[in-house]
Amino acid sequence: MSESASENTSYPSYDAQAIEIKWQQRWEDEGLYRTDEDPAKPKRYVLEMFPYPSGDLHMGHARNYTIGDAMARQAHMRGFDVLHPMGFDAFGLPAENAAIKHHTQAAKWTYQNIDRAVRTMRRMGFSFDYDRMFNTCDPEYYRWGQWMFIQMWKRGLAYRATSPVNWCPGCKTVLANEQIVDGRCWRCGSIPERRNLSQWYLKITDYAQELLDDLDTLTGWPENVKAQQRNWIGRSEGAEIDFRLADEDGVTPTDRTITVFTTRADTLFGTTFMVLPPESELAEELVVGTEHEAAYRELRAATERVSSVERQGSDREKHGVPTGRFVINPITGEPFPIWVADYVLMDYGTGAVMGVPCGDQRDFEFAKKYGLDIVPIICEKDGPLYERLKDQRDIVVRDVDWDGAMAIEGYLVQSGAFTGLKGGKHSEGVAAILGWLEEHGCGRAKVQFRLRDWLISRQRYWGNPIPMIHCDDCGDVPVPEDQLPVRLPEGLDLGAGETLAEYAPFFETTCPKCGKPARRITDTMDTFTCSSWYYLRYCDPHNDASPFSREAVDRWMPVDNYIGGIEHAILHLLYSRFWTKVMRDLGLVGTDEPFTNLLCQGMVKDANGDTMSKSKGNVVPPSSVIGPYGADTMRLAILFIAPPEKDFDWDEDAVAGANRFIRRAWRVVWELANAGDAAAPLDVTTLDARAKELNRTLHELGLRCTADFDRGQFNTAISACMELTNAASKYLLETAEGERAASVCWRVAHDLVAMLAPICPHWAEELFHEALGQTGSVYDEPWPAFDAEQAKSDMVEIVVQVKGKNRAHIEVAVDAPKDELETAAREAVAEQIAGRDVRKVIVVPGRLVNIVAV
Numbered sequence: 000m001s002e003s004a005s006e007n008t009s010y011p012s013y014d015a016q017a018i019e020i021k022w023q024q025r026w027e028d029e030g031l032y033r034t035d036e037d038p039a040k041p042k043r044y045v046l047e048m049f050p051y052p053s054g055d056l057h058m059g060h061a062r063n064y065t066i067g068d069a070m071a072r073q074a075h076m077r078g079f080d081v082l083h084p085m086g087f088d089a090f091g092l093p094a095e096n097a098a099i100k101h102h103t104q105a106a107k108w109t110y111q112n113i114d115r116a117v118r119t120m121r122r123m124g125f126s127f128d129y130d131r132m133f134n135t136c137d138p139e140y141y142r143w144g145q146w147m148f149i150q151m152w153k154r155g156l157a158y159r160a161t162s163p164v165n166w167c168p169g170c171k172t173v174l175a176n177e178q179i180v181d182g183r184c185w186r187c188g189s190i191p192e193r194r195n196l197s198q199w200y201l202k203i204t205d206y207a208q209e210l211l212d213d214l215d216t217l218t219g220w221p222e223n224v225k226a227q228q229r230n231w232i233g234r235s236e237g238a239e240i241d242f243r244l245a246d247e248d249g250v251t252p253t254d255r256t257i258t259v260f261t262t263r264a265d266t267l268f269g270t271t272f273m274v275l276p277p278e279s280e281l282a283e284e285l286v287v288g289t290e291h292e293a294a295y296r297e298l299r300a301a302t303e304r305v306s307s308v309e310r311q312g313s314d315r316e317k318h319g320v321p322t323g324r325f326v327i328n329p330i331t332g333e334p335f336p337i338w339v340a341d342y343v344l345m346d347y348g349t350g351a352v353m354g355v356p357c358g359d360q361r362d363f364e365f366a367k368k369y370g371l372d373i374v375p376i377i378c379e380k381d382g383p384l385y386e387r388l389k390d391q392r393d394i395v396v397r398d399v400d401w402d403g404a405m406a407i408e409g410y411l412v413q414s415g416a417f418t419g420l421k422g423g424k425h426s427e428g429v430a431a432i433l434g435w436l437e438e439h440g441c442g443r444a445k446v447q448f449r450l451r452d453w454l455i456s457r458q459r460y461w462g463n464p465i466p467m468i469h470c471d472d473c474g475d476v477p478v479p480e481d482q483l484p485v486r487l488p489e490g491l492d493l494g495a496g497e498t499l500a501e502y503a504p505f506f507e508t509t510c511p512k513c514g515k516p517a518r519r520i521t522d523t524m525d526t527f528t529c530s531s532w533y534y535l536r537y538c539d540p541h542n543d544a545s546p547f548s549r550e551a552v553d554r555w556m557p558v559d560n561y562i563g564g565i566e567h568a569i570l571h572l573l574y575s576r577f578w579t580k581v582m583r584d585l586g587l588v589g590t591d592e593p594f595t596n597l598l599c600q601g602m603v604k605d606a607n608g609d610t611m612s613k614s615k616g617n618v619v620p621p622s623s624v625i626g627p628y629g630a631d632t633m634r635l636a637i638l639f640i641a642p643p644e645k646d647f648d649w650d651e652d653a654v655a656g657a658n659r660f661i662r663r664a665w666r667v668v669w670e671l672a673n674a675g676d677a678a679a680p681l682d683v684t685t686l687d688a689r690a691k692e693l694n695r696t697l698h699e700l701g702l703r704c705t706a707d708f709d710r711g712q713f714n715t716a717i718s719a720c721m722e723l724t725n726a727a728s729k730y731l732l733e734t735a736e737g738e739r740a741a742s743v744c745w746r747v748a749h750d751l752v753a754m755l756a757p758i759c760p761h762w763a764e765e766l767f768h769e770a771l772g773q774t775g776s777v778y779d780e781p782w783p784a785f786d787a788e789q790a791k792s793d794m795v796e797i798v799v800q801v802k803g804k805n806r807a808h809i810e811v812a813v814d815a816p817k818d819e820l821e822t823a824a825r826e827a828v829a830e831q832i833a834g835r836d837v838r839k840v841i842v843v844p845g846r847l848v849n850i851v852a853v
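478 is the number that numbering that gives the first Met the number 0 gives to position 479 of the sequence shown; each next residue is one higher, with no gaps.
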């Protein structure tokens, strides 16, 4: 970029450190970013996912908050009443582990980190309403989380059950299914084990269909996030089929049934075995006392050391044990064996699975390994297998030479009266066989969800205590609401292994119903319960009579712009949607969904393309940029390097380039301001050609910048500002001081400062006051208005073609007549058409001239 017109020293140099510290103090003193409460204004709720205070902020945080801050600031300038809060997701395992490691208390470690992070936030110039800040470990906050739990318990949405759970040996606590990523604990990377424990759950499955249906209303969400939630909710339309358990002889049916869920009732004729998971109580009942018990015990013990995800892996070898018992196929009357296998899970369907090896690859591999029958029952019509099998039941046994299961699409064979029907999901074969099952009372249509109830119990200290008491006489009883919050005790020696479950002063209590000695529940809640409603508390953070007022949430909810990482696509976002719907049904909120528009920002990577993380030691702290360049340079670089949803590699050269632009724009604004006059009338008709072109460029780029802000594409919005800076610099270079249009100079200076204010707020504030001589704050300055008519150029660029191939470009007046266009075009390609016969000239005004020359 070229320098501006002169080495004018009548304006101060750009001192980022002094400017930023000056304005940050003034903003704080004036309470500039306290939320307005003006119901006459339209509202805009901008929220970035709050951080866990595990230390100081890193560049990933800086990117997230800079995106949200730019949105919030520009929305305020556009006339919105803006809510832009921040807080900390402060409970959780890292604080507890750090307390153990450093021989301190989790609360002390947490609040120290919060203080440090807040200082960094202020130093970055974020426009958070710090008066609304809270931490989820504050008793004033988690009190209301306990109150909400009790309301859910009253409605039957919170309950306790003993069931197999995922136990993390590293974190020494249980994990919800959603917290197992690629077969490992999402937090520490350990491989979870399966254990039977009494745990507390929230009944998210009651909302499964609504959570699925309402994804269609979230038009402001990325499609990949909605797809992940649809897959996790996992709605399947199918059938429950009842199989009669055979007596010891393996042939005679008993009155006892085993029910199986399947999406493919049409494959019932191809079922050759049933599979139970090792943790199934029925499996144990059938095997105990038989010759297979020892092998079963060994299989079950081995399975407990493997995660659910790994068990279902397609490449993992399957292991099984026979039970020695049989069930009767309800449609054929034939018996087939019951096996126990590690590739099926308790949380699918009823826990029992019918094995169809001809059509399921895992069933096929299991059947081949253990010598079980494989019966082809669906194939392409008119093929050799169809012709061979359409009129008979010709069982193909274990010595088949197939490499894998067949695709289960086509037409039914070896299926009795249903042979010849089309098979496949939602096919006539499914409908016909389901109809037969319903008619004979051994099957029914059923909708099944993959989603399971949310396991919230955690066997750790640093979390929100579950507000329940167990009495031997009265059972589980909620803590009286006037005794909330149930506070975490202080002073536990976590390093010595002391836990809530062993700390008598905490768990010893009396039953609220009968007054007898009772035991307080010592589990704490999954920290995702704290982050599932914090956005509601921000609407009314100081309310001590309720979690928030209905009036406040009706004013601000839903969140208009929510910014956070794609890693929360299932966990946090699904739980928050569930929590909002429960609060709606309790009459506390009036919205169905919490977040209208969702932006999942990309990852910040190091120079080697690796995602920055503390564990890798490749984190770039914001201070490393703020120190030499200032916060505004860091903010500009973060937003300019890439679109917000894209990953990018941290680039020191890009940071230096951003700083060069800020300094150059600083000089240009000062020179324009010195040549400008705010009071001078701007009459386009009186401007000379250069000033008129600069004014046109201002409106063209201003419209583009505004549109890019609206789309959240800050990199191209910044590009528009850079182009405007170049145009202004060119104007200053080409004009003498006395020739410059004062009205245009001042307008360009003002609008450039205003358009960059959401991105470089300190830089803009200083120029707004010192160069432009304004009072108040640039934060309160209205966003500039731009005129599409003034953005139109008097000239247009036309393509000149020779026989349809582009040969030149010419610039002509917008209203130039055809003969003038033709003349200009001939001159532009004179060399190409010299000595050739011009047969035809096609003129398309405003677009092109095509010369046909031979």
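Even for Gly, the Cβ is constructed at its ideal location relative to N, Cα and C. As the structure is a computational prediction, the values presented were derived from the model and not from experiment.
Item	Value
Could you tell me the distance, in whole angstroms, from the CA atom of residue 447 to the CA atom of residue 707?	43 Å
Once the 5 residues before and after residue 563 are set aside, which same chain residues still bring their CB inside 6 Å of it?	48
Report the rounded CA-to-CA distance for residue 315 versus residue 378, giving the unit in angstroms.	28 Å
For my contact list, residue 540 and residue 593 are in at a C-beta cut-off of 8 Å; report their separation, rounded to the angstrom.	With a Cβ gap of about 16 Å, residue 540 and residue 593 do not count as contacting.
Can you tell me the Cβ-Cβ gap for residue 599 and residue 644, rounded? I've got them flagged as a contact below 8 Å.	6 Å
Return the bridge partner residues of residue 456 from the DSSP annotation.	524
Alpha carbon to alpha carbon, how far is residue 654 from residue 629? Give it in angstroms, no decimals.	10 Å
If you run the structure through DSSP and keep just helix, strand and coil, what is residue 378?	strand
Terminal residues of the continuous beta strand (DSSP E) containing residue 447?	442 to 448
Are the CB atoms of residue 87 and residue 50 nearer to each other than 8 Å?	yes
If you draw a straight line from the C-alpha of residue 664 to the C-alpha of residue 128, how long is it?	29 Å
Should residue 330 be labelled buried (16 or more other beta-carbon atoms within 10 Å of its own) or exposed?	buried
Return the chain-ordered ranges of every alpha helix (DSSP H) run that is complete within the segment 125 to 206 and spans a minimum of 4 residues.	138 to 153
For residue 101, is the classification buried or exposed, using 16 other Cβ atoms within 10 angstroms of its Cβ as the cut-off for buried?	exposed
How would you label residue 482, buried or exposed, when you count the other beta carbons within 10 angstroms and need 16 or more for buried?	exposed
Between which two residues does the beta strand (DSSP E) carrying residue 518 extend?	516 to 519
DSSP three-state call for residue 833: helix, strand or coil?	coil
For residue 281, which residues in the same chain have their Cβ closer than 8 Å to its Cβ, ignoring the five residues on either side in sequence?	257, 275, 350 and 351
Take the Cβ of residue 215 as the centre, count every other Cβ of all protein chains shown within 10 Å, and call the residue buried at 16 or more, exposed below.	exposed
What would DSSP say about residue 295, mapped onto helix, strand or coil?	helix
Give the single residue among 457, 499, 503 and 509 whose Cα lies nearest to the Cα of residue 526.	457
Please tell me whether residue 68 and residue 126 are closer than 8 Å, where the distance is taken between their beta carbons.	yes
Per DSSP, what are the beta-bridge partners of residue 235 in this structure?	447
Determine the direct distance from the alpha carbon of residue 717 to that of residue 808, and round the result to whole angstroms.	28 Å
Excluding the 5 residues flanking residue 205 on each side, which residues of the same chain have their C-beta closer than 8 Å to its C-beta?	156
Please name the residue, chosen from 17, 800, 494 and 409, that lies closest to residue 828 on a Cα-to-Cα basis.	800
Go through the segment 41 to 78 residue by residue and report every complete run of the alpha helix (DSSP H) that reaches 4 residues or more, in order.	58 to 76
Roughly how many angstroms separate the alpha carbons of residue 237 and residue 430, rounded to a whole number?	10 Å
Per DSSP, which residues does residue 596 bridge with? Please list them.	219 and 560
Keeping to the same chain, check which residues put their C-beta closer than 6 Å to that of residue 578; ignore five residues upstream and five downstream.	531 and 532
Is the distance from the Cβ of residue 286 to the Cβ of residue 278 below 8 Å?	no
Taking just the CA atoms, how far does residue 853 sit from residue 822?	18 Å
Would the segment 765 to 777 and the segment 698 to 713 be scored as touching if the rule is three or more Cβ pairs under 8 Å?	no
Can you tell me which of the three DSSP states residue 11 falls into?	coil
Taking only the alpha-carbon atoms, compute the straight-line gap between residue 635 and residue 805 and give it to the nearest angstrom.	39 Å
Across the segment 544 to 559 and the segment 112 to 124, are there enough close Cβ pairs to call them in contact, namely three or more that are closer than 8 Å?	no
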